[in-house]
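Here is the structure we will look at.
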Amino acid sequence: MTYPLPSSSVISVTTSQAYWNLHTKIESSGDIYESDVPGLAFAIGPDSDVAQVKVSYFDPNETDKLNEQIVSVDRPFVGRIESNLNERYATGQLGRMFITLLDIIPPTGYFPPSGASNQSVQVAPAVIDLIQYTTPQPTFLPGRPDKVFRYDTVGEQALFPFPTNTFWFVVPFYGRRFAQVVVKNLNFVAEPNIGVTTFGLTYSRVRTVPGIYPDNGDGEEQIANTAALTPGSTAVHTVTNKVFDAIGVRITAAAALISPASVNTMITVSDKI
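Take a look at the structure:
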């Protein structure tokens, strides 16, 4: 998560705003966020990469004084949840509201599978976008707009030649239903062809190989492969009705590229098919 975190009490109360927006980059699945004000509705925001979160709150009727509600892209929660700072949980913590992640987010700096720990990797960090409303909401329109990740090259000059001539782009796909990968080879005719392979990645909370996510490659599924993309050509890969945590695009060259590679890559992820 990034600091300072947005303050629910300052934004919602001091400025008389009708909602509090928790919008920040995620460091890992262990990130915990707090809210000090009551909420009358909760919904996943339009910019969220994660698809579901858990809202934990003080409940005197429970043995541990704790109850939970799940908020997802397809299921906003409508109902009052208190952040009770006058009470304490069984652990002794103040009875404020806690927001945690249900999707698995590897720690910052992780690598995708297939031996990519010794290759060049660019990972798009996942973002949480949760809206906590402090006024009644008549209705919700669940779902997120399409999100597009654009890359003009496959690395900077300092990275050339690529280790093993391989480069990865990895983008979040939590709860999405469709992805399109478009890669255009704009290199010189004299340069070698490139290979483009699209993978679906499913993360594990346990890893058996240091530095490799998911667990020993078990969560990797190859979706499509273009073995030889010639200069001036375009490869289009699609992912439909698959459940993954991320989409990985691997770009390889048979030999070291002469100059910083002009390989335009556009990855679009969508909640709709």
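Position in the sequence shown counted from 1, then plus 140, gives you the working numbering. Even glycine gets a Cβ: it sits at the ideal position worked out from N, Cα and C.
Open item on the list: Just to confirm the assignment, what range does the beta strand (DSSP E) spanning N226 have?
Closed with: N224 to R228 is the span of the beta strand (DSSP E), which, as asked, contains N226.
Open item on the list: Rounded to the nearest angstrom, what separates Y288 and D189 at their Cα positions?
Closed with: A quick correction: the sequence has Val, not Tyr, at residue 288. Roughly 12 Å between the two C-alpha positions.
TODO: Figure out for me which residue from N305, L281, T338 and F339 has the closest Cα to the Cα of V463.
DONE: The structure shown does not extend to residue 463, since the chain is modelled only from 141 through 413, so no value can be given for it.
Task: Bounding residues of the beta strand (DSSP E) (the contiguous stretch that carries K324) - done: Note, K324: beta strand (DSSP E), F318 to N325.
Open item on the list: Taking the straight line between their C-alpha atoms, what separation do you get for N207 and G235?
Closed with: Just so you know, the alpha carbons of N207 and G235 end up roughly 11 Å apart.
TODO: Could you tell me whether the segment 213-223 touches the segment 177-194, where touching means 3 or more Cβ pairs closer than 8 Å?
DONE: Taking 8 Å as the limit for Cβ pairs, the verdict is that the segment 177-194 does touch the segment 213-223.
Open item on the list: Going by DSSP in three states, N381 sits in which element: helix, strand or coil?
Closed with: In this structure, N381 counts as coil in the three-state DSSP scheme.
Task: Meets three-Cβ-pair contact criterion under 8 Å: the segment 263-276 and the segment 319-335 - done: Segments in contact, no.
Open item on the list: Mapping the DSSP letters down to three states, classify D355 as helix, strand or coil.
Closed with: Low confidence applies here, because D355 scores a pLDDT of 44, under 50, leaving its location unreliable and the question unanswered by this model.
- [ ] Check N365 in the structure and name its three-state DSSP category.
- [x] Correct three-state label for N365: strand.
Task: Supposed close pair I403, T293 - CB separation, criterion 8 Å - done: One point to set straight first is that residue 403 is Val, not Ile, in the sequence displayed. About 6 Å separates the CB atoms of V403 and T293; that is less than 8 Å, so the two are in contact.
Open item on the list: Between the alpha carbons of V263 and V311, how many angstroms are there, rounded?
Closed with: Each residue's alpha carbon lies about 6 Å from the other.
- [ ] Could you check the C-alpha separation between I413 and N161 for me, to the nearest Å?
- [x] Whole-angstrom Cα-Cα distance: 28 Å.
- [ ] Within its chain, find whatever has a CB closer than 6 Å to the CB of T240; leave out the 5 residues flanking it on each side and keep chain order.
- [x] Cβ neighbours of T240 beyond the five flanking positions: I172 and K194.
Open item on the list: DSSP three-state label for N161, please.
Closed with: If DSSP states are grouped into helix, strand and coil, N161 belongs with the strands.
Open item on the list: For G340 and K382, what's the separation of their Cα atoms in angstroms?
Closed with: The C-alpha of G340 lies about 8 Å from the C-alpha of K382.
TODO: Determine the direct distance from the alpha carbon of Y229 to that of T408, and round the result to whole angstroms.
DONE: Straight-line Cα distance between these residues: approximately 43 Å.
Task: Of the residues A191, Q233, I334 and I244, the one placed nearest E174, counting alpha carbons only - done: Nearest option by C-alpha distance: Q233.
Open item on the list: To the nearest angstrom, how far is the alpha carbon of R390 from that of L369?
Closed with: Spanning the two alpha carbons is a distance of roughly 13 Å.
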